[in-house]
Amino acid sequence: MNKTIAIVGIGLIGGSVALKCKRAGFAAKVMGVDNNPDHCKQALELGLVDEVLSLEDALVVADLIILAIPVGAIASLLPGLLDKVNTQVVIDMGSTKSLLTDLVAGHPQRGRFVASHPMWGTEYSGPTAAVENGFEQKAVILCDVEKTDEDALDTAHQLFNVLQMRIIQMNAKDHDVHAAYVSHISHITSFALANTVLEKEKEDNAIFEMASAGFESTVRLAKSNPEMWTPILMQNRENVLDVLNEHISQLRKFKSCLEKENWEYLNELMSNANQIRRIIQ
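Residues in the sequence shown are numbered from 193 upward in steps of one, following the working numbering.
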(Lines of atoms letter the chains of each structure in order from A; the text may use other names.)
(Lines give C-alpha, C1' and ligand atoms only; values in the text may rest on other atoms or scores of the structure.)
Protein backbone atom coordinates (compact mmCIF):
# COMPACT_ATOMS: atom_id res chain seq x y z
CA MET A 193 0.00 0.00 0.00
CA ASN A 194 0.94 3.69 -0.15
CA LYS A 195 2.70 3.24 -3.46
CA THR A 196 3.86 5.99 -5.75
CA ILE A 197 2.12 5.35 -9.04
CA ALA A 198 2.78 6.72 -12.51
CA ILE A 199 -0.16 6.30 -14.88
CA VAL A 200 0.71 6.66 -18.54
CA GLY A 201 -2.50 7.70 -20.26
CA ILE A 202 -4.98 9.48 -18.01
CA GLY A 203 -8.16 8.86 -19.96
CA LEU A 204 -11.07 6.59 -19.07
CA ILE A 205 -9.04 3.58 -17.88
CA GLY A 206 -6.05 5.40 -16.42
CA GLY A 207 -8.22 8.06 -14.81
CA SER A 208 -10.52 5.45 -13.26
CA VAL A 209 -7.53 3.55 -11.83
CA ALA A 210 -6.11 6.79 -10.44
CA LEU A 211 -9.40 7.80 -8.84
CA LYS A 212 -9.89 4.46 -7.10
CA CYS A 213 -6.27 4.14 -5.96
CA LYS A 214 -6.28 7.62 -4.43
CA ARG A 215 -9.61 7.25 -2.62
CA ALA A 216 -8.84 3.73 -1.40
CA GLY A 217 -5.49 4.83 0.04
CA PHE A 218 -3.52 2.47 -2.18
CA ALA A 219 -1.48 5.33 -3.64
CA ALA A 220 0.54 7.80 -1.62
CA LYS A 221 0.98 9.80 -4.82
CA VAL A 222 -0.34 9.46 -8.36
CA MET A 223 1.57 11.03 -11.21
CA GLY A 224 0.01 11.42 -14.63
CA VAL A 225 1.90 11.04 -17.89
CA ASP A 226 0.05 12.08 -21.04
CA ASN A 227 0.97 13.78 -24.31
CA ASN A 228 -2.44 15.47 -24.51
CA PRO A 229 -2.24 18.87 -22.71
CA ASP A 230 -6.03 19.02 -22.31
CA HIS A 231 -6.05 15.62 -20.60
CA CYS A 232 -3.27 16.75 -18.26
CA LYS A 233 -5.18 19.89 -17.34
CA GLN A 234 -8.46 18.05 -16.80
CA ALA A 235 -6.84 15.29 -14.75
CA LEU A 236 -5.31 17.86 -12.40
CA GLU A 237 -8.56 19.86 -12.13
CA LEU A 238 -10.55 16.69 -11.37
CA GLY A 239 -8.02 15.55 -8.77
CA LEU A 240 -7.29 12.32 -10.61
CA VAL A 241 -3.54 12.91 -10.34
CA ASP A 242 -1.35 14.87 -7.94
CA GLU A 243 1.15 15.94 -10.57
CA VAL A 244 1.81 15.70 -14.29
CA LEU A 245 5.34 14.67 -15.26
CA SER A 246 7.29 13.36 -18.20
CA LEU A 247 7.74 9.58 -18.22
CA GLU A 248 11.46 10.00 -17.59
CA ASP A 249 10.84 12.10 -14.46
CA ALA A 250 8.06 9.81 -13.24
CA LEU A 251 10.31 6.76 -13.55
CA VAL A 252 12.73 8.22 -11.04
CA VAL A 253 10.20 8.18 -8.21
CA ALA A 254 7.52 5.66 -9.20
CA ASP A 255 7.13 2.22 -7.62
CA LEU A 256 4.48 1.19 -10.12
CA ILE A 257 4.01 2.25 -13.74
CA ILE A 258 0.60 1.58 -15.30
CA LEU A 259 0.27 1.74 -19.09
CA ALA A 260 -3.29 2.77 -19.95
CA ILE A 261 -2.74 3.85 -23.55
CA PRO A 262 -3.75 2.28 -26.91
CA VAL A 263 -2.10 -1.08 -27.55
CA GLY A 264 -0.15 0.25 -30.51
CA ALA A 265 1.45 2.85 -28.27
CA ILE A 266 2.13 0.22 -25.58
CA ALA A 267 3.98 -1.93 -28.13
CA SER A 268 6.14 1.04 -29.15
CA LEU A 269 6.88 2.11 -25.58
CA LEU A 270 7.25 -1.12 -23.60
CA PRO A 271 10.70 -2.46 -24.66
CA GLY A 272 12.39 0.91 -24.14
CA LEU A 273 10.58 1.39 -20.85
CA LEU A 274 11.81 -1.94 -19.52
CA ASP A 275 15.34 -0.87 -20.47
CA LYS A 276 15.06 1.87 -17.84
CA VAL A 277 13.31 -0.13 -15.12
CA ASN A 278 15.13 -1.40 -12.04
CA THR A 279 12.83 -2.49 -9.23
CA GLN A 280 9.70 -0.78 -10.55
CA VAL A 281 6.71 -2.84 -11.66
CA VAL A 282 5.17 -2.18 -15.07
CA ILE A 283 1.54 -3.21 -15.66
CA ASP A 284 -0.13 -2.74 -19.02
CA MET A 285 -3.91 -2.62 -19.46
CA GLY A 286 -4.18 -3.30 -23.16
CA SER A 287 -6.87 -5.40 -24.81
CA THR A 288 -4.46 -7.67 -26.71
CA LYS A 289 -1.62 -9.60 -25.11
CA SER A 290 0.28 -11.94 -27.46
CA LEU A 291 2.12 -9.25 -29.42
CA LEU A 292 3.23 -7.54 -26.21
CA THR A 293 4.40 -10.68 -24.44
CA ASP A 294 6.24 -11.85 -27.56
CA LEU A 295 7.82 -8.42 -27.94
CA VAL A 296 9.52 -8.55 -24.52
CA ALA A 297 9.90 -12.33 -24.15
CA GLY A 298 13.70 -12.17 -24.09
CA HIS A 299 14.08 -8.87 -22.30
CA PRO A 300 16.33 -9.01 -19.20
CA GLN A 301 13.69 -7.12 -17.21
CA ARG A 302 10.75 -9.22 -18.43
CA GLY A 303 10.06 -10.24 -14.82
CA ARG A 304 9.12 -6.67 -13.90
CA PHE A 305 6.27 -6.68 -16.42
CA VAL A 306 2.70 -7.82 -15.73
CA ALA A 307 0.53 -8.30 -18.82
CA SER A 308 -3.06 -7.56 -17.81
CA HIS A 309 -6.42 -6.85 -19.40
CA PRO A 310 -9.14 -5.39 -17.17
CA MET A 311 -12.40 -6.40 -18.83
CA TRP A 312 -14.18 -3.11 -18.37
CA GLY A 313 -14.65 0.07 -20.32
CA THR A 314 -17.29 2.42 -21.64
CA GLU A 315 -17.87 4.13 -24.95
CA TYR A 316 -16.56 7.38 -23.48
CA SER A 317 -12.97 8.60 -23.33
CA GLY A 318 -10.79 11.18 -21.61
CA PRO A 319 -10.31 12.10 -17.93
CA THR A 320 -13.89 13.34 -17.55
CA ALA A 321 -15.09 9.78 -18.27
CA ALA A 322 -13.27 8.35 -15.22
CA VAL A 323 -15.44 6.27 -12.87
CA GLU A 324 -14.26 5.42 -9.35
CA ASN A 325 -15.95 2.02 -9.06
CA GLY A 326 -16.07 1.10 -12.74
CA PHE A 327 -13.87 -1.97 -12.33
CA GLU A 328 -15.81 -3.42 -9.41
CA GLN A 329 -16.70 -7.13 -9.84
CA LYS A 330 -15.38 -7.18 -13.39
CA ALA A 331 -12.76 -9.71 -14.53
CA VAL A 332 -9.11 -8.91 -15.09
CA ILE A 333 -6.95 -11.32 -17.07
CA LEU A 334 -3.30 -11.72 -16.06
CA CYS A 335 -1.28 -13.40 -18.79
CA ASP A 336 1.89 -15.54 -18.75
CA VAL A 337 2.33 -14.94 -15.02
CA GLU A 338 5.03 -17.61 -14.78
CA LYS A 339 7.34 -15.15 -16.54
CA THR A 340 6.67 -12.38 -14.02
CA ASP A 341 8.67 -11.89 -10.81
CA GLU A 342 6.80 -12.96 -7.68
CA ASP A 343 6.88 -9.51 -6.06
CA ALA A 344 5.69 -7.85 -9.29
CA LEU A 345 2.79 -10.28 -9.52
CA ASP A 346 1.98 -9.60 -5.87
CA THR A 347 1.84 -5.87 -6.63
CA ALA A 348 -0.57 -6.56 -9.51
CA HIS A 349 -2.80 -8.63 -7.20
CA GLN A 350 -2.79 -5.79 -4.67
CA LEU A 351 -3.80 -3.28 -7.36
CA PHE A 352 -6.63 -5.37 -8.78
CA ASN A 353 -7.88 -6.27 -5.31
CA VAL A 354 -8.10 -2.54 -4.57
CA LEU A 355 -10.04 -2.13 -7.83
CA GLN A 356 -12.25 -5.01 -6.57
CA MET A 357 -11.75 -7.10 -9.70
CA ARG A 358 -11.93 -10.88 -10.19
CA ILE A 359 -8.47 -12.11 -11.15
CA ILE A 360 -8.16 -14.78 -13.85
CA GLN A 361 -4.88 -16.18 -15.16
CA MET A 362 -4.29 -17.59 -18.65
CA ASN A 363 -1.69 -17.59 -21.37
CA ALA A 364 -1.58 -14.67 -23.78
CA LYS A 365 -2.57 -16.60 -26.89
CA ASP A 366 -5.69 -18.06 -25.24
CA HIS A 367 -6.57 -14.58 -23.98
CA ASP A 368 -6.49 -13.12 -27.48
CA VAL A 369 -8.76 -15.87 -28.83
CA HIS A 370 -11.30 -15.38 -26.03
CA ALA A 371 -11.12 -11.57 -26.26
CA ALA A 372 -11.96 -11.78 -29.97
CA TYR A 373 -15.19 -13.64 -29.06
CA VAL A 374 -16.36 -11.66 -26.04
CA SER A 375 -15.15 -8.16 -26.83
CA HIS A 376 -13.65 -7.46 -30.23
CA ILE A 377 -16.47 -8.92 -32.36
CA SER A 378 -19.01 -6.97 -30.29
CA HIS A 379 -17.34 -3.72 -31.25
CA ILE A 380 -17.11 -4.62 -34.95
CA THR A 381 -20.80 -5.57 -34.94
CA SER A 382 -21.74 -2.30 -33.28
CA PHE A 383 -19.63 -0.22 -35.68
CA ALA A 384 -21.16 -2.06 -38.65
CA LEU A 385 -24.72 -1.64 -37.39
CA ALA A 386 -24.15 2.06 -36.80
CA ASN A 387 -22.85 2.47 -40.35
CA THR A 388 -25.86 0.54 -41.68
CA VAL A 389 -28.30 2.83 -39.91
CA LEU A 390 -26.37 5.98 -40.79
CA GLU A 391 -26.51 4.96 -44.45
CA LYS A 392 -30.28 4.46 -44.21
CA GLU A 393 -30.68 7.74 -42.34
CA LYS A 394 -29.56 9.57 -45.47
CA GLU A 395 -32.89 8.54 -46.97
CA ASP A 396 -35.14 8.70 -43.93
CA ASN A 397 -34.53 11.07 -41.02
CA ALA A 398 -37.37 9.49 -39.02
CA ILE A 399 -35.34 6.36 -38.28
CA PHE A 400 -33.67 7.85 -35.22
CA GLU A 401 -36.98 9.08 -33.84
CA MET A 402 -38.02 5.42 -33.72
CA ALA A 403 -34.81 4.23 -32.06
CA SER A 404 -35.61 2.17 -28.97
CA ALA A 405 -33.61 1.11 -25.93
CA GLY A 406 -32.72 -2.13 -27.71
CA PHE A 407 -31.14 -0.26 -30.58
CA GLU A 408 -29.29 2.09 -28.25
CA SER A 409 -27.78 -0.75 -26.21
CA THR A 410 -26.73 -2.65 -29.35
CA VAL A 411 -25.10 0.31 -31.05
CA ARG A 412 -23.62 1.91 -27.91
CA LEU A 413 -20.15 0.51 -28.57
CA ALA A 414 -20.04 2.31 -31.93
CA LYS A 415 -19.25 5.46 -29.96
CA SER A 416 -15.92 3.92 -28.87
CA ASN A 417 -12.69 5.66 -29.84
CA PRO A 418 -11.36 4.46 -33.26
CA GLU A 419 -7.83 5.47 -32.21
CA MET A 420 -8.00 2.81 -29.52
CA TRP A 421 -9.82 0.12 -31.50
CA THR A 422 -7.86 0.21 -34.76
CA PRO A 423 -4.62 -1.08 -33.15
CA ILE A 424 -6.57 -3.67 -31.13
CA LEU A 425 -8.05 -5.16 -34.29
CA MET A 426 -4.69 -4.90 -36.06
CA GLN A 427 -2.89 -6.82 -33.30
CA ASN A 428 -5.60 -9.49 -32.99
CA ARG A 429 -6.34 -9.69 -36.72
CA GLU A 430 -6.25 -13.46 -37.19
CA ASN A 431 -8.47 -14.28 -34.21
CA VAL A 432 -10.93 -11.54 -35.10
CA LEU A 433 -11.14 -12.78 -38.69
CA ASP A 434 -11.97 -16.29 -37.45
CA VAL A 435 -14.76 -14.96 -35.26
CA LEU A 436 -15.99 -12.57 -37.94
CA ASN A 437 -16.26 -15.41 -40.47
CA GLU A 438 -18.42 -17.39 -38.01
CA HIS A 439 -20.52 -14.30 -37.29
CA ILE A 440 -21.11 -13.72 -41.01
CA SER A 441 -22.10 -17.40 -41.35
CA GLN A 442 -24.69 -16.96 -38.60
CA LEU A 443 -26.08 -13.82 -40.27
CA ARG A 444 -26.42 -15.73 -43.53
CA LYS A 445 -28.52 -18.36 -41.76
CA PHE A 446 -30.96 -15.67 -40.62
CA LYS A 447 -30.97 -14.13 -44.10
CA SER A 448 -31.69 -17.53 -45.69
CA CYS A 449 -34.59 -18.17 -43.30
CA LEU A 450 -36.21 -14.91 -44.30
CA GLU A 451 -35.60 -15.43 -48.01
CA LYS A 452 -37.00 -18.98 -47.95
CA GLU A 453 -39.71 -18.23 -45.36
CA ASN A 454 -38.29 -21.00 -43.19
CA TRP A 455 -39.95 -19.88 -39.97
CA GLU A 456 -39.32 -23.14 -38.14
CA TYR A 457 -35.55 -22.90 -38.56
CA LEU A 458 -35.67 -19.17 -37.74
CA ASN A 459 -37.36 -20.01 -34.44
CA GLU A 460 -34.74 -22.72 -33.83
CA LEU A 461 -31.89 -20.25 -34.40
CA MET A 462 -33.33 -17.80 -31.90
CA SER A 463 -34.12 -20.52 -29.36
CA ASN A 464 -30.55 -21.75 -29.60
CA ALA A 465 -29.32 -18.19 -29.05
CA ASN A 466 -31.38 -18.06 -25.84
CA GLN A 467 -28.84 -20.43 -24.29
CA ILE A 468 -26.64 -17.37 -23.76
CA ARG A 469 -28.72 -16.91 -20.59
CA ARG A 470 -26.51 -19.60 -19.01
CA ILE A 471 -23.59 -17.17 -19.31
CA ILE A 472 -25.27 -13.75 -19.12
CA GLN A 473 -28.15 -13.38 -16.69
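Even glycine gets a Cβ: it sits at the ideal position worked out from N, Cα and C.
Assigned exposure category for residue i - 16 Cβ within 10 Å defines buried
i, result
"Q356", "exposed"
"W312", "buried"
"G326", "buried"
"F305", "buried"
"F352", "buried"
"K392", "exposed"
"G406", "exposed"
"Q427", "buried"
"A465", "exposed"
"D475", "Residue 475 lies beyond the stretch modelled for the chain, which goes from 193 to 473, so this question has no answer here."
"V432", "buried"
"V252", "exposed"
"D230", "exposed"
"I468", "exposed"
"D146", "With the chain running from 193 to 473 in the structure shown, residue 146 is simply not present."
"I471", "exposed"
"I440", "exposed"
"P418", "exposed"
Nearest-angstrom Cβ-Cβ length linking residue i and residue j, presumed shorter than 8 Å
i, j, result
"A364", "V435", "Not quite, the Cβ-Cβ distance comes to about 17 Å (not below 8 Å), so this is no contact."
"V209", "I258", "6 Å"
"E324", "L211", "5 Å"
"V411", "L385", "5 Å"
"L334", "S308", "5 Å"
Beta-carbon spacing of residue i, residue j below 8 Å
i, j, result
"G153", "A322", "Look at the range of the chain in this structure, 193 to 473, and you will see that residue 153 is not part of it."
"G224", "G318", "no"
"D368", "S290", "yes"
"P262", "H299", "no"
"A254", "A331", "no"
"T288", "I424", "yes"
"L276", "R302", "According to the sequence displayed, residue 276 carries Lys and not Leu. In this structure, R302 does not lie closer than 8 Å to K276 by Cβ."
"F218", "K233", "no"
"A344", "S382", "no"
"L256", "V281", "yes"
"C213", "V354", "yes"
"W421", "H370", "no"
"E315", "S416", "yes"
"V200", "A260", "yes"
"L461", "K445", "yes"
Contact between the region 366 to 381 and the region 229 to 239 (3+ Cβ pairs under 8 Å): no
Secondary structure, beta strand (DSSP E): runs of 3+ residues fully inside the region 274 to 318: 281 to 284 and 305 to 310
Secondary structure, alpha helix (DSSP H): runs of 4+ residues fully inside the region 401 to 471: 405 to 411, 418 to 427, 429 to 452 and 455 to 465
Complete runs of the beta strand (DSSP E) confined to the region 333 to 398 [at least 3 residues]: 358 to 362
Segments of 3+ residues assigned as beta strand (DSSP E) that fall wholly inside the region 206 to 265: 219 to 225 and 256 to 259
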